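Down below is the structure, laid out as C-alpha coordinates.
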Amino acid sequence: MAEVLLLGPARQAAGASRCDIDADTVGAVCDMLVERFGAGFAAVLGTSRIWVDGRPAASTDAVHADAEVSILPPVSGG
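Read in order, the letters of the sequence shown correspond to residues 0 to 77 in numbering that gives the first Met the number 0.
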(Lines of atoms letter the chains of each structure in order from A; the text may use other names.)
(Lines give C-alpha, C1' and ligand atoms only; values in the text may rest on other atoms or scores of the structure.)
Protein backbone atom coordinates (compact mmCIF):
# COMPACT_ATOMS: atom_id res chain seq x y z
CA MET A 0 0.00 0.00 0.00
CA ALA A 1 1.16 3.51 -0.79
CA GLU A 2 1.35 6.06 1.99
CA VAL A 3 -0.41 9.32 1.10
CA LEU A 4 0.73 12.53 2.80
CA LEU A 5 -1.96 15.21 2.95
CA LEU A 6 -0.57 18.71 3.41
CA GLY A 7 -2.15 22.08 4.22
CA PRO A 8 -5.69 22.47 2.86
CA ALA A 9 -5.70 18.81 1.74
CA ARG A 10 -5.14 17.78 5.35
CA GLN A 11 -7.92 20.09 6.51
CA ALA A 12 -10.37 18.82 3.88
CA ALA A 13 -9.60 15.18 4.69
CA GLY A 14 -9.41 15.56 8.45
CA ALA A 15 -6.20 13.51 8.39
CA SER A 16 -2.52 14.10 7.67
CA ARG A 17 -1.84 10.71 6.08
CA CYS A 18 -3.55 7.54 4.95
CA ASP A 19 -2.78 4.31 3.10
CA ILE A 20 -4.19 3.64 -0.36
CA ASP A 21 -3.89 0.49 -2.46
CA ALA A 22 -3.89 1.63 -6.10
CA ASP A 23 -1.72 1.17 -9.19
CA THR A 24 -1.67 4.71 -10.62
CA VAL A 25 -1.70 8.28 -9.37
CA GLY A 26 -5.14 8.75 -10.94
CA ALA A 27 -6.51 5.73 -9.09
CA VAL A 28 -5.06 7.05 -5.81
CA CYS A 29 -6.79 10.39 -6.40
CA ASP A 30 -10.11 8.70 -7.24
CA MET A 31 -9.96 6.68 -4.03
CA LEU A 32 -9.12 9.77 -1.97
CA VAL A 33 -12.12 11.64 -3.40
CA GLU A 34 -14.33 8.64 -2.70
CA ARG A 35 -13.05 8.49 0.88
CA PHE A 36 -13.01 12.23 1.71
CA GLY A 37 -15.72 13.73 -0.49
CA ALA A 38 -16.42 16.83 -2.57
CA GLY A 39 -14.53 19.29 -0.37
CA PHE A 40 -11.40 17.22 -0.79
CA ALA A 41 -12.02 16.94 -4.55
CA ALA A 42 -12.04 20.74 -4.79
CA VAL A 43 -8.65 20.96 -3.05
CA LEU A 44 -7.27 18.10 -5.14
CA GLY A 45 -8.25 19.93 -8.33
CA THR A 46 -5.73 22.69 -7.57
CA SER A 47 -3.02 20.50 -6.04
CA ARG A 48 0.18 18.96 -7.36
CA ILE A 49 0.84 15.27 -6.84
CA TRP A 50 4.32 13.97 -6.15
CA VAL A 51 5.42 10.35 -5.87
CA ASP A 52 8.61 9.58 -3.98
CA GLY A 53 9.71 13.22 -4.12
CA ARG A 54 9.07 13.76 -7.84
CA PRO A 55 6.21 15.42 -9.72
CA ALA A 56 3.77 12.82 -11.05
CA ALA A 57 1.09 12.62 -13.73
CA SER A 58 -2.20 10.78 -13.28
CA THR A 59 -0.99 7.90 -15.45
CA ASP A 60 2.22 7.35 -13.48
CA ALA A 61 2.55 4.05 -11.64
CA VAL A 62 2.40 3.85 -7.86
CA HIS A 63 4.30 0.97 -6.26
CA ALA A 64 3.34 -0.62 -2.97
CA ASP A 65 5.90 1.28 -0.88
CA ALA A 66 5.45 4.65 -2.59
CA GLU A 67 5.02 7.94 -0.78
CA VAL A 68 2.36 10.02 -2.54
CA SER A 69 2.20 13.67 -1.50
CA ILE A 70 -0.75 15.95 -2.13
CA LEU A 71 0.66 19.49 -2.37
CA PRO A 72 -1.96 22.23 -2.52
CA PRO A 73 -0.86 25.62 -3.85
CA VAL A 74 0.77 27.89 -1.30
CA SER A 75 1.38 31.59 -1.06
CA GLY A 76 4.20 33.21 0.77
CA GLY A 77 4.97 36.52 2.26
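Think of the CB as a built atom: it goes at the ideal place given N, C-alpha and C, for glycine as much as any other residue.
Because the structure is a prediction, the values reported are computed rather than measured.
If I measure Cβ to Cβ from residue i and keep anything under 6 angstroms in the same chain, skipping five residues before and after, which residues do I get?
i	result
Glu79	Look at the range of the chain in this structure, 0 to 77, and you will see that residue 79 is not part of it.
Ala41	Val33
Gly26	Ser58
First and last residue of the beta strand (DSSP E) that includes residue i?
i	result
Ala1	Ala1 to Leu5
Asp19	Arg17 to Ile20
On a Cα-Cα basis, can you pick out the residue from the options that is closest to residue i?
i	options	result
Arg54	Leu44, Glu67 and Thr46	Glu67
Asp19	Leu71, Val74 and Ala64	Ala64
Met0	Thr59, Val28, Trp50 and Ser47	Val28
Ser47	Glu2, Asp21 and Pro8	Pro8
Ala13	Gly39, Thr24 and Glu2	Gly39
Val62	Leu44, Met31, Asp21 and Arg10	Asp21
Once you ignore the five residues that flank residue i on each side, which residues in its own chain have a CB closer than 7 angstroms to its CB?
i	result
Ser15	Before going on, a small fix: residue 15 reads as Ala here, not Ser. So the qualifying residues of the chain are Leu5.
Trp50	Ala56, Ser69 and Leu71
Name the two residues that bound the continuous alpha helix (DSSP H) containing residue i.
i	result
Val43	Ala38 to Leu44
Taking 8 angstroms as the CB-CB limit, is residue i close to chain B?
i	result
Leu32	In summary, chain B is missing from the structure at hand, where a single protein chain is found.
Using only the alpha-carbon positions, how far apart do residue i and residue j sit?
i	j	result
Asp52	Thr24	13 angstroms
Gln11	Val43	10 angstroms
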